[in-house]
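Visitor: What follows is a structure written as C-alpha cells; I'll ask about it next.
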Amino acid sequence: MKAKKTDTELKAGTLLLAEPYMLDPNFKRGVILICEHHEEGSLGFIYNKPIGMQVQQLLPDFPDFKAEVFYGGPVQKDTIHYLHTRGDLLEDSVEVASGLFWGGDFNKLKFLIKDGRIQENEIRFFVGYSGWGKGQLEEEMKVLSWITYQNAQLPQLLSLDSLTMWKTILEQKGEQFGVIAQMELPCWN
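Our numbering puts the first residue of the sequence shown at 320, with every later residue one more than the last.
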C-alpha cells in the first residue's frame, strides 16, 4: 500500500507527512514543510503541532498579535522561526515555494504587525525546527517513514485546521492515501 519514494522528491517546498504508524512523539501525524534541502542536510518545520501559546507570550516585547505558536521540531527549541505570505513586504525573507516565505527582517516584521499590515492568517510562528544531517532524511525515505507531497497549495496551509491537517492533506493526495488517512492508530498500554 505504501508508494515508493525517491530522493528527487526532496526539495524546498516539499511536504513530508509522517507514515501512519510513526510513534515518535515529535513527528506522530506530523506535516512538515521542508524549507531547505541540500547535500549537507535538510531543515523544515512541523506545521500542525500548536503549543498553546501566542507569540507575545514567548517574546514580551512583541506587539499584541493573536498568532498561535507551533512546535517546529526538536532542534534548537530556544529559537523562533516564521513562515508567511508577505515576502513583498518583508526584506530578507526566503521564498520556500510560490507565495510562501521563510524569515525576514525581524524588526521590520514587528513594525508591520504593529502597523496592521501583516495579519494573523498570513504568518505562522514556530519554536525550534526539524533537521536532518547529511543523508539522514534520504535514509528515512528509503524505509518509508515519510509520505511526500509536492503539489500542495502551500500558502493555503496557513488556513488549514492543525488538528485535521494530516488527514486532509492525505485525502487531497488521493489514490491509496485517502485510505491511509482513515487509519486509526492502535492503543498500546
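In this text, a Cβ means the ideal position worked out from N, Cα and C, and glycines have one as well.
Alpha carbon to alpha carbon, how far is Glu338 from Phe381?
Guide: Taking the first residue of the sequence shown as 1, we reach residue 338 at position 19. Taking the first residue of the sequence shown as 1, we reach residue 381 at position 62. In a straight line, the C-alpha of Glu338 is about 37 Å away from that of Phe381.
Visitor: My understanding is that Leu334 touches Leu352, with C-beta atoms under 8 Å, so please give their C-beta distance in whole angstroms.
Guide: By 1-based counting over the sequence shown, the position of residue 334 is 15. By 1-based counting over the sequence shown, the position of residue 352 is 33. Yes, Leu334 and Leu352 are in contact; Cβ-Cβ is about 6 Å, under 8 Å.
Visitor: So the candidates are Gly332, Lys347, Gln475 and Lys330; which of them puts its Cα closest to the Cα of Trp485?
Guide: For the purposes of this step, residue 485 is taken as the residue at position 166 of the sequence shown. With distances taken between Cα atoms, Trp485 lies closest to Lys347.
Visitor: Figure out for me which residue from Glu358, His356 and Met372 has the closest Cα to the Cα of Val446.
Guide: Indexing the sequence shown from 1 puts residue 446 at position 127. Comparing Cα positions, the closest option is Met372.
Visitor: Given a cut-off of 8 Å, decide if Phe384 and Pro369 are closer than it, judged by their beta-carbon atoms.
Guide: Taking the sequence shown and counting its residues from 1, the one referred to as residue 369 is at position 50. Taking the sequence shown and counting its residues from 1, the one referred to as residue 384 is at position 65. No, they are not a contact pair.
Visitor: Just the Cα atoms here: how many angstroms apart are Leu477 and Val350?
Guide: Taking the first residue of the sequence shown as position 1, residue 477 is located at position 158. Taking the first residue of the sequence shown as position 1, residue 350 is located at position 31. Taking the straight line from one Cα to the other gives about 12 Å.
Visitor: DSSP has Arg443 in a bridge; who is on the other side?
Guide: Position 124 of the sequence shown, counted from the start, is the residue given in the question as residue 443. Answer by DSSP bridge pairing, in chain order: Leu402.
Visitor: Can you list, in chain order, the residues of its chain whose CB lies under 7 Å from that of Gly423, leaving out five sequence neighbours each side?
Guide: Position 104 of the sequence shown, counted from the start, is the residue given in the question as residue 423. Closer than 7 Å at the Cβ level, and outside the excluded window around Gly423, lie Leu409, Glu410, Asp411 and Ser412.
Visitor: In whole angstroms, give me the CA-to-CA distance for Gln472 and Leu479.
Guide: As a working note, residue 472 is residue 153 in the sequence shown. As a working note, residue 479 is residue 160 in the sequence shown. Computed Cα separation, rounded: 11 Å.
Visitor: For the region 372-427, list the alpha helix (DSSP H) runs that are entirely contained and at least 4 residues long, ordered along the chain.
Guide: As far as the region 372-427 is concerned, its whole alpha helix (DSSP H) runs of at least 4 residues are 374-377.
Visitor: Give me the Cβ distance between Tyr448 and Leu336, rounded to the nearest whole Å; I'm assuming they're in contact under 8 Å.
Guide: Sequence index remark: in the sequence shown, residue 448 carries index 129 (1-based). Sequence index remark: in the sequence shown, residue 336 carries index 17 (1-based). In fact, because the Cβ distance is near 17 Å, the residues do not count as touching under 8 Å.
Visitor: Is it buried or exposed for Leu419, if we count other Cβ within 10 angstroms and need 16 for buried?
Guide: Taking the first residue of the sequence shown as position 1, residue 419 is located at position 100. Buried is the call here.
Visitor: If I'm right that Gly392 touches Gly450 with Cβ under 8 Å, what's the distance once you round it to whole angstroms?
Guide: Along the sequence shown, read from residue 1 onward, the residue named residue 392 stands at position 73. Along the sequence shown, read from residue 1 onward, the residue named residue 450 stands at position 131. Indeed they touch by this definition, with Cβ atoms about 7 Å apart.
Visitor: Out of Ile399, Ile499, Phe364 and Leu489, state which residue places its alpha-carbon closest to the alpha-carbon of Asp376.
Guide: Taking the first residue of the sequence shown as position 1, residue 376 is located at position 57. The residue asked about is misnamed: residue 376 is Gln in this sequence, not Asp. With distances taken between Cα atoms, Gln376 lies closest to Ile399.
Visitor: From the DSSP secondary-structure annotation, give me the bridge partner or partners of Gly450.
Guide: Here residue 450 corresponds to residue number 131 of the sequence shown, with the count starting at 1. In DSSP, Gly450 forms a bridge with Leu362.
Visitor: Would the beta-carbon of Glu359 fall within 8 Å of that of Lys461?
Guide: Taking the sequence shown and counting its residues from 1, one reaches residue 359 at position 40. Taking the sequence shown and counting its residues from 1, one reaches residue 461 at position 142. Result no, Cβ atoms of Glu359 and Lys461 do not sit closer than 8 Å.
Visitor: Val498 lies in the alpha helix (DSSP H); which residues open and close that run?
Guide: Here residue 498 is taken as the residue at index 179 of the sequence shown, counted from 1. Residues Phe496 to Ala500.
Visitor: So, with DSSP's three-state summary, where would you put Thr483?
Guide: Indexing the sequence shown from 1 puts residue 483 at position 164. Note: Thr483 maps to coil in three-state DSSP.
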